[in-house]
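Protein chains in written order, with the working numbering: chain A, 47 to 242; chain B, 813 to 1067. Heads up, the thing below is written out as structure tokens.
The following block contains the structure:
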């Protein structure tokens, strides 16, 4: 008999009302109404201010309008231990359009396990009704094509054409830098999801 | 520039010393595509997940300060009071958070949400005809202590119908979200109550193919921990992914 470990608690869907526990104001509860978890930056945190926004699309090409998206990232210097920057955000897909967004700073380069550089990226987790265990993906930046080309995680995706599903496209609106990132749960151009 | 570089690499080494997390055993989780739960059909990826080792970001931890919690956050019976307490069967839920190697997970945030005693959620999108309870919000949170123990007080939620194969009924359940000590331990799930006859009928629970795994989502009646003449107690332990030791993987010189 091999050594037995305790077994991880099984996942269950976050369900349609996931917002109650995670973003109560979005659910319509008059509690924690000042909390803006979709805004990661306040005050003088250094780095380029950006907005990341997009939609999540289901296998029939319709937007998912009840998802919770979490964003985890390093700071502008590629650090995950900055006491002034939590590096964690949460946003809900809009109940009528499906659009979600974060305001943050562009993360820096950070080292991979073997010392090689990882291209700047944010990690995203998706929780929603119909998603039995959260989906984990990454968004890279379209204006960092050179760094993306040598990123060890992107390179680990065997089908090179699928790597583009992880690149947010830089644009500008009202003087704000915006990266657009669409997540396709299923079908053509299905986003790459990780098991890490 | 130089000292910063050094510090970063030292941090990387510290992370490495703590070891990678044991790969997720997905046989104990529901797969993405579970046609018995209809909504999963169009929301499940068709491609296989891409397996990659963990980097520094996947082992990074979010530290939520204990001071960010309100003293009533772990008391759902009174944290939404508008002059009274929530209606329903009063319960205390408690347990321990361990990792797969049996190590306690201290100081981690647990968020909970649930329907009221009639099975109604306080959410814009819930239109079930059961009444809202003016004194029940259905949201709470707590943190584990140094030994990984947690507790909160609430009312037992009611079952409620939902549209799947016609009208189906959810067993009483409480949703929970837990962070653990690293990104890869993140987990959102639901726990149920021992003896609920709706458990074997639930399409969402039945997305989990392994019956022993289903059993790990069932809170046990704990008569010993009841609050006498006040509340029944249920025990629910949570297990997060374990972390490997680093037997020969010492500091990488010159990195």
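Ideal Cβ positions, reconstructed from N, Cα and C, are used throughout, including at glycine. Note that the structure is a prediction, hence the values are computed from the model and not measured.
So, residue i versus residue j, is the Cβ gap smaller than 8 Å?
i                      : j                      : result
residue 922 (chain B)  : residue 953 (chain B)  : yes
residue 224 (chain A)  : residue 172 (chain A)  : no
residue 1072 (chain B) : residue 986 (chain B)  : Only positions 813 to 1067 of chain B appear in this structure, which leaves residue 1072 (chain B) out of reach.
residue 994 (chain B)  : residue 876 (chain B)  : no
residue 239 (chain A)  : residue 857 (chain B)  : yes
residue 54 (chain A)   : residue 1051 (chain B) : yes
residue 976 (chain B)  : residue 850 (chain B)  : yes
residue 1008 (chain B) : residue 902 (chain B)  : no
residue 831 (chain B)  : residue 1057 (chain B) : yes
residue 911 (chain B)  : residue 1054 (chain B) : yes
residue 120 (chain A)  : residue 869 (chain B)  : yes
residue 165 (chain A)  : residue 189 (chain A)  : no
residue 110 (chain A)  : residue 835 (chain B)  : no
residue 999 (chain B)  : residue 57 (chain A)   : yes
residue 103 (chain A)  : residue 231 (chain A)  : yes
residue 862 (chain B)  : residue 160 (chain A)  : no
residue 904 (chain B)  : residue 1045 (chain B) : yes
residue 155 (chain A)  : residue 124 (chain A)  : yes
residue 947 (chain B)  : residue 893 (chain B)  : yes
residue 935 (chain B)  : residue 113 (chain A)  : no
residue 906 (chain B)  : residue 1028 (chain B) : no
residue 925 (chain B)  : residue 51 (chain A)   : no
residue 105 (chain A)  : residue 207 (chain A)  : no
residue 867 (chain B)  : residue 158 (chain A)  : yes
Can you give me the Cβ contacts of residue i inside the same chain, cut-off strictly under 6 Å, excluding the 5 residues immediately before and after it?
i                      : result
residue 816 (chain B)  : Here residue 816 (chain B) scores only 40 on pLDDT, less than 50, and its place in the model is too uncertain to base an answer on.
residue 931 (chain B)  : 942, 970, 971 and 972
residue 908 (chain B)  : 960, 961 and 1049
residue 828 (chain B)  : For residue 828 (chain B), the predicted model reports a pLDDT of 43, less than 50, meaning its position is unreliable; a value from the coordinates is still stated below. Hits under 6 Å: none found.
residue 169 (chain A)  : 118 and 184
residue 814 (chain B)  : Summary for residue 814 (chain B): the model assigns pLDDT 34, below 50, so the residue's position carries little reliability; its value from the coordinates is reported in the next sentence. Within the same chain, residue 814 (chain B) has no close Cβ partners at all.
residue 199 (chain A)  : none
residue 92 (chain A)   : 122
residue 193 (chain A)  : 165
residue 1026 (chain B) : 1017 and 1020
residue 940 (chain B)  : 932 and 972
Should residue i be labelled buried (16 or more other beta-carbon atoms within 10 Å of its own) or exposed?
i                      : result
residue 822 (chain B)  : Because the pLDDT of residue 822 (chain B) is 43, which lies under 50, any placement of that residue in the model is unreliable, and the number read from its coordinates should be weighed accordingly. With fewer than 16 Cβ atoms within 10 Å of its Cβ, residue 822 (chain B) is classed as exposed.
residue 1023 (chain B) : exposed
residue 65 (chain A)   : buried
residue 108 (chain A)  : exposed
residue 237 (chain A)  : buried
residue 49 (chain A)   : exposed
residue 965 (chain B)  : buried
residue 187 (chain A)  : buried
residue 872 (chain B)  : buried
residue 1005 (chain B) : buried
residue 819 (chain B)  : Unreliable positioning characterises residue 819 (chain B) in this predicted model, as indicated by a pLDDT of 41, which lies under 50. The coordinate reading is nonetheless provided below. So residue 819 (chain B) ends up on the exposed side.
residue 133 (chain A)  : buried
residue 59 (chain A)   : buried
residue 878 (chain B)  : exposed
residue 1060 (chain B) : exposed
residue 852 (chain B)  : buried
residue 141 (chain A)  : exposed
residue 221 (chain A)  : exposed
Tell me which residues share the same chain as residue i and place their Cβ nearer than 7 Å to its Cβ, disregarding the 5 neighbours each side in the sequence.
i                      : result
residue 920 (chain B)  : 909, 955, 956, 990, 991, 992 and 993
residue 874 (chain B)  : 991
residue 974 (chain B)  : 980 and 982
residue 1018 (chain B) : 848
residue 927 (chain B)  : 933, 950, 969, 970 and 972
residue 85 (chain A)   : 149
residue 914 (chain B)  : none
residue 235 (chain A)  : 211
residue 227 (chain A)  : 98, 100, 185 and 214
Chain D beta carbons: is any one of them nearer than 8 Å to that of residue i?
i                     : result
residue 904 (chain B) : Absent here is chain D; the protein component of the structure consists of chains A and B.
Would the beta-carbon of residue i be found less than 7 Å away from any heavy atom of the ligand FAD?
i                     : result
residue 974 (chain B) : As far as ligands go, the structure on display features none, and thus does not contain the ligand FAD.
If I measure Cβ to Cβ from residue i and keep anything under 8 Å in the same chain, skipping five residues before and after, which residues do I get?
i                     : result
residue 218 (chain A) : 224
Unbroken stretches of the alpha helix (DSSP H), 4 residues or longer, contained in the region 75–146 of chain A: Not a single unbroken stretch of the alpha helix (DSSP H) spanning 4 or more residues falls wholly within the region 75–146 of chain A.
Please give the ranges of any beta strand (DSSP E) in the region 196–231 of chain A, keeping only runs that are unbroken, at least 3 residues long and fully inside the region. Runs of the beta strand (DSSP E) inside the region 196–231 of chain A: 213–219 and 222–226.
Count Cβ pairs between the region 878–893 of chain B and the region 940–955 of chain B that sit closer than 8 Å; are there 3 or more? A contact exists between the region 878–893 of chain B and the region 940–955 of chain B.
Counting pairs of beta carbons, one from the region 972–992 of chain B and one from the region 1011–1018 of chain B, are three or more of them closer than 8 Å? Cβ pair count under 8 Å is three or more, so yes.
Meets three-Cβ-pair contact criterion under 8 Å: the region 132–149 of chain A and the region 69–86 of chain A: Flag = yes, the region 132–149 of chain A and the region 69–86 of chain A touch.
Should the region 95–113 of chain A be called in touch with the region 143–159 of chain A, which here means at least 3 C-beta pairs below 8 Å? Contact annotation: the region 95–113 of chain A touches the region 143–159 of chain A, with at least three C-beta pairs closer than 8 Å.
Counting pairs of Cβ atoms below 8 Å between the region 837–850 of chain B and the region 162–180 of chain A, do you hit three or more? By the Cβ rule, the region 837–850 of chain B counts as touching the region 162–180 of chain A, because three or more pairs are nearer than 8 Å.
Please confirm if the region 891–900 of chain B is in contact with the region 954–964 of chain B, defined as three or more CB-CB distances below 8 Å between the two stretches. The region 891–900 of chain B is not in contact with the region 954–964 of chain B.
Do the region 125–135 of chain A and the region 211–219 of chain A make contact, defined as three or more Cβ pairs closer than 8 Å? Between the region 125–135 of chain A and the region 211–219 of chain A, the count of Cβ pairs shorter than 8 Å is below three; the stretches do not touch.
Which whole runs of the alpha helix (DSSP H) in the region 1003–1048 of chain B are 4 residues long or more, in chain order? Counting only runs of 4 or more, we get 1023–1027.
At 3 residues or longer, what runs of the beta strand (DSSP E) sit wholly inside the region 843–909 of chain B? Counting whole runs of 3 or more residues, the region 843–909 of chain B contains no beta strand (DSSP E) stretch at all.
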